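Report on the structure given below.
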Amino acid sequence: KAGVTQTPRYLIKTRGQQVTLSCSPISGHRSVSWYQQTPGQGLQFLFEYFSETQRNKGNFPGRFSGRQFSNSRSEMNVSTLELGDSALYLCASSLRSSGSGWNEQFFGPGTRLTVL
Amino acid sequence: ILNVEQSPQSLHVQEGDSTNFTCSFPSSNFYALHWYRWETAKSPEALFVMTLNGDEKKKGRISATLNTKEGYSYLYIKGSQPEDSATYLCASNFGNEKLTFGTGTRLTIIP
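Protein chains in written order, with our numbering: chain B, 1 to 116; chain Z, 1001 to 1111.
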């Protein structure tokens, strides 16, 4: 079974631009969560999508948004990029949503975003 | 704000030695505790999920315990090997909701 895939793996943008990251979950998984990791910080939860609906949202500004398609693939968008958005963005998929039981998550390799 | 804390932040261990590190979390509204191993340039990999007070899980030389009443979990590695070098993350679900991660313990095994 193929794992979670994320594209692109690396991305360089400049301040003010916008970016879209993509995540394809494990086949059959309907929940996709997104996390941001910056140096010295743990994985910070951005949002979770389940069956095309945003189920949970972390404490990030409205510049961070996402969506999920009917095939469970998910995209994350960051508008008006700031230097502080430079980070590793990980997505994770799981069979169930976080609200329906403990939730083993399977992570992708991440997208490394650098904002200049 | 629900904080999950891990200690130590980093650790160097001689090959063959055993080691352990700690994850602390608020005990109220606890639902589940997860341990992940994250090797450099790879994806975080799930090690254990524990839900019950007193749970002990084992996978090869790695084991974990859970105390939900006092809010901590220990991860133990017996007879450390170079391939154990990684960052070990713990995360907790509170109230059956999203995972809150600690900042990790970075383990380096010295050959």
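Ideal Cβ positions, reconstructed from N, Cα and C, are used throughout, including at glycine. Every value quoted in this text rests on a predicted model; they were computed, and no experiment measured them.
query: What residues are listed by DSSP as bridge partners for T1100 (chain Z)?
result: Position 100 of the second sequence, counting from 1, holds the residue named residue 1100 (chain Z). Answer by DSSP bridge pairing, in chain order: Z:S1092.
message: Rounding to the nearest angstrom, what Cα-Cα distance links P965 (chain Z) and S70 (chain B) in this structure?
response: Residue 965 (chain Z) is absent from the structure shown; chain Z starts at 1001 and stops at 1111.
- request: Go through its chain and collect everything with a Cβ distance to Q17 (chain B)'s Cβ below 7 Å, but skip five positions before and after it.
  value: Locating residue 17 (chain B) in the first sequence gives position 17, counting from the first residue. Excluding sequence neighbours, Q17 (chain B) sits near L81.
message: Taking 8 Å as the cut-off, does the region 44 to 62 of chain B touch the region 1029 to 1037 of chain Z (at least 3 CB pairs, one atom from each stretch)?
response: no
field: Where K1059 (chain Z) meets chain B, residues with beta-carbon distance less than 7 Å
entry: Position 59 of the second sequence, counted from the start, is the residue given in the question as residue 1059 (chain Z). Simply none; closest approach about 14 Å.
message: Once the 5 residues before and after N77 (chain B) are set aside, which same chain residues still bring their CB inside 6 Å of it?
response: Within the first sequence, the letter at position 77 stands for residue 77 (chain B). Only T20 and S65 meet the Cβ criterion.
query: Is V1049 (chain Z) close to chain B, meaning its C-beta is less than 8 Å from at least one C-beta of that chain?
result: Here residue 1049 (chain Z) refers to the residue found at position 49 of the second sequence. Yes, because at least one Cβ of chain B sits closer than 8 Å to the Cβ of V1049 (chain Z).
- request: Please classify L83 (chain B): does DSSP put it in a helix, a strand, or coil?
  value: Here the question's residue 83 (chain B) lines up with position 83 in the first sequence. Of the three classes helix, strand and coil, the one that applies to L83 (chain B) here is helix, per DSSP.
message: Does the structure place the region 19 to 34 of chain B close enough to the region 104 to 113 of chain B that three or more beta carbon pairs sit under 8 Å?
response: yes
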